Each structure stands twice: as C-alpha cells, then as structure tokens.
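Visitor: Okay, handing you the structure first.
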Amino acid sequence: DAKTTQPPSMDCAEGRAANLPCNHSTISGNEYVYWYRQIHSQGPQYIIHGLKNNETNEMASLIITEDRKSSTLILPHATLRDTAVYYCIVRVVNAGNMLTFGGGTRLMVKP
Amino acid sequence: GAVVSQHPSRVICKSGTSVKIECRSLDFQATTMFWYRQFPKQSLMLMATSNEGSKATYEQGVEKDKFLINHASLTLSTLTVTSAHPEDSSFYICSASEGGRYNEQFFGPGTRLTVL
C-alpha cells in the first residue's frame, strides 16, 4: 500500500469547517483513499472513502485532487466530539487486504 | 451499521498469566478478522490476520506462540496473550470484514491490557 503523509496536529474552532490534508503522491491506480478516526481509548471509526471522485456522506466530505496525489477530508461544522486522531490510508480493495495506519493527524476542536 | 464487540474492555493480570480477548461480529459474518496493538501515543500496528477455519497470518516480529489466535467461527475470533509480561501491556483492537466489494473493516472498541 502507498504511504501517506499527514500533519501531526491541527486545531479547529468549534462550528467551523475542519480541513484535514493528506498527501499520497505514490498512490496506484487501483488504490482507494480511506479515512478513519480514533477518539481517545476507542477503536477506529470509518468515515469515508473514495477512488477519484469527490465523496460526501453524513459525516464528512472527501476531496481528491485530479492527479489523485492528495486529498482533503472536510468536517463541515466541527464539534468538540470531533476531537480525535484522523488517519488517511490508501489501500487496494480486495479480499483480506489489511489497513496500514500511519501517524495520523490529531485534530483538536476548541470552543 | 456493522457492529464489532470486544470482551473484556479492560483487564489487569499478573505477570506470567494468560489472558484471552474475544472479538465478535454482532450482525454480520466476518470472513476475515484482524488484530492490532496500540501503545500509548502511537498508531495501530497490525499483529495478525485470521480467516475462519484457517491458521492466522502473523506480521513480522509478532510471536505466534505468544499471541494465540483462534477464528473458530464466522462471528468470533479470540486472541490469547500467553505468559503475559509488563511489556505486553497495551491497547488491543480487533477488526472484522465481511468481504464484499469494498472489503470494509469494522473495528471493535478495544481492550486495555495491564500486566503487573
């Protein structure tokens, strides 16, 4: 799986949009971009994934650049409960394929 | 959504004893289960991958005789830490996948192991 690079930490004001960047310049054509988050002392939670088109669900939006070398996870209205470590992972989707977690971005949402 | 449970949520044991952690997929059948370990302020590290009815595949550096994994059914996998030592104290997290087009992994809440 391709490596990803994320800033180690970010702050965001409550109610504002949180934009979390991820660089995956060596991504292959068959690799998807996945985002998970881990709230302190809990298991990771799936947020969203995409291949090349932008995606949106009830939790977040995922913007993938045209060359697919980077992406941005957007939490449109961050709340204090969104404080967590956010992991960007690229992976090939096939049976048994595991997730490789990097360092992630520690997002602190402040009142 | 798919729910994965772990039991116990936290355990404290004496050095030299064995501890079993259960991982269950509650509303789906998991063809593959994964076990991760996470030390304080570090990321998750994959320990092993298990498929129902077959032997687990361990990552490099993980002792298969120390961390026994059993995936006896499509809804249950167990991790047994044998002869636990203080350095085995960690947060153990399982995930389960039912296959399908995107082979999503759903994570359990984790088990905090403290070895005295």
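Top to bottom, those sequences are chains A and B. Using my numbering, you'd call the opening residue of the first sequence number 45 and step up by one each time. Using my numbering, you'd call the opening residue of the second sequence number 3 and step up by one each time. The C-beta atom is built at its ideal place from N, Cα and C for all residues, glycine as well. Computed from a predicted structure; not experimentally measured.
So that I know if they touch, is there some Cβ in chain A lying closer than 8 Å to that of B:E100?
Guide: No, no contact with chain A.
Visitor: What are the residues that DSSP puts in a beta bridge with B:T116?
Guide: B:T116 is bridged to B:I14.
Visitor: Using three-state DSSP, classify A:D55 as helix, strand or coil.
Guide: Reduced to three states, the DSSP call for A:D55 is strand.
Visitor: Are the segment 112–125 of chain A and the segment 54–63 of chain A in contact at 8 Å, needing three or more beta carbon pairs?
Guide: As far as the Cβ criterion goes, the segment 112–125 of chain A touches the segment 54–63 of chain A, which means the pair count is three or higher.
Visitor: Can you tell which of B:L48, B:D29, B:S17 and B:H9 has the C-alpha that lies nearest to the C-alpha of B:T159?
Guide: This structure does not reach residue 159 of chain B, given that chain B is present from 3 up to 118, and the question cannot be answered.
Visitor: Return the residue from the list A:S115, A:P52 and A:D55 that minimises the CA-CA distance to A:T70.
Guide: When only C-alpha atoms are compared, the closest one is A:S115.
Visitor: Name the DSSP beta bridge partners of B:F36, please?
Guide: Partner(s): B:T51 and B:S97.
Visitor: Within its chain, find whatever has a CB closer than 7 Å to the CB of B:F30; leave out the 5 residues flanking it on each side and keep chain order.
Guide: Cβ within range, chain order: A4 and E100.
Visitor: Since B:S45 contacts A:G148 with CB under 8 Å, what's their CB separation in whole angstroms?
Guide: 6 Å between Cβ atoms; contact.
Visitor: Which residue comes first and which comes last in the beta strand (DSSP E) that contains A:Q82?
Guide: Note, A:Q82: beta strand (DSSP E), E75 to Q82.
Visitor: Do A:K113 and A:N67 have their C-beta atoms closer together than 8 Å?
Guide: Yes.
Visitor: Between which two residues does the beta strand (DSSP E) harbouring A:N67 extend?
Guide: Here the beta strand (DSSP E) through A:N67 covers A62 to N67.
Visitor: Examine chain B for any beta-carbon lying closer than 8 Å to the beta-carbon of A:M142, and answer yes or no.
Guide: By this cut-off, A:M142 is an interface position.
Visitor: Quick one: is B:F69 near chain A, going by C-beta distance under 8 Å?
Guide: Taking Cβ atoms only, chain A never reaches closer than 8 Å to B:F69, which makes this a no.
Visitor: So is A:S85 in contact with chain B if we call contact Cβ pairs under 8 Å?
Guide: At least one chain B Cβ lies under 8 Å of A:S85.
Visitor: Anything in chain A within Cβ reach of B:V106, meaning under 8 Å, just list it in chain order.
Guide: It should be noted that the sequence gives Glu, not Val, for residue 106 of chain B. The contacting residues are Y90.
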